[in-house]
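A.B. asks: Questions regarding the structure given below will be posed in turn.
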Amino acid sequence: GFWFDKIERNMERDFKVNKKLRQEGWTVLRFWECDIKKKLHEIAEFTKEIFDFKKQRFEEQKLLKKQKINANKEALIQNYLERKNSEFSEKLKRSAVKFTQEILHHKYPEEEFTPKVAEDLLQYGAPKKN
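Under the numbering used here, the sequence shown has 56 at position 49, and the numbering climbs by one with no breaks.
Next comes the structure, spelled out in structure tokens:
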């Protein structure tokens, strides 16, 4: 009948809209109005759980990306140290110096390190402590 056909069309429309929104990065939650009226607290809790899960997953992805970037930076510095300027483009050398500055700033936040200091450290190594 009429209602069955209407609900079926609405569900087909919702499916298409949900698919499009998900492709664009949205999370889609749909609730029946009667459920919202009867179970508002449960729906709010469920929505918060979804939000917390998505937030945690986002933070984990951000951390993994940062770890990958740091691993790439460390590999570049290691590569530079092994080659000591031979076969190393100026752009890669500048990147190695910049990453070395970042590491120094992270390890010694109270100190200021110029690109020259970072480059010298890469070129000649750190002084040995007795």
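Just so it is clear, CB atoms sit at the ideal spot from N, CA and C, and this is done for glycine as well.
Would you report the Cα separation of Ile-14 and Arg-29, rounded to the nearest angstrom?
C.D. replies: Computed Cα separation, rounded: 22 Å.
A.B. asks: What do you get for Phe-53, buried or exposed, if any count of 16 or more other CB atoms within 10 angstroms of its CB means buried?
C.D. replies: Exposed.
A.B. asks: Does the segment 85-105 come close enough to the segment 62-75 that 3 or more CB-CB pairs lie under 8 Å?
C.D. replies: No contact exists between the segment 62-75 and the segment 85-105.
A.B. asks: Can you tell me whether DSSP reads Ile-115 as helix, strand or coil?
C.D. replies: It is worth fixing the name first, because residue 115 is Tyr in this sequence and not Ile. Looking at Tyr-115 - three-state DSSP - the assignment turns out to be coil, as it is neither helix nor strand.
A.B. asks: Buried or exposed: which applies to Ala-78, given that a residue is buried once 16 or more other Cβ atoms fall within 10 Å of its Cβ?
C.D. replies: Burial call: exposed.
A.B. asks: Would you decide whether Asn-137 is buried or exposed? Buried here means 16 or more other CB atoms lie within 10 Å of its CB.
C.D. replies: A caution first: Asn-137 carries a pLDDT of 49, below 50, which makes its placement in the model unreliable, though a value can still be read off. Looking at its Cβ environment, which holds fewer than 16 other Cβ atoms inside 10 Å, Asn-137 is exposed.
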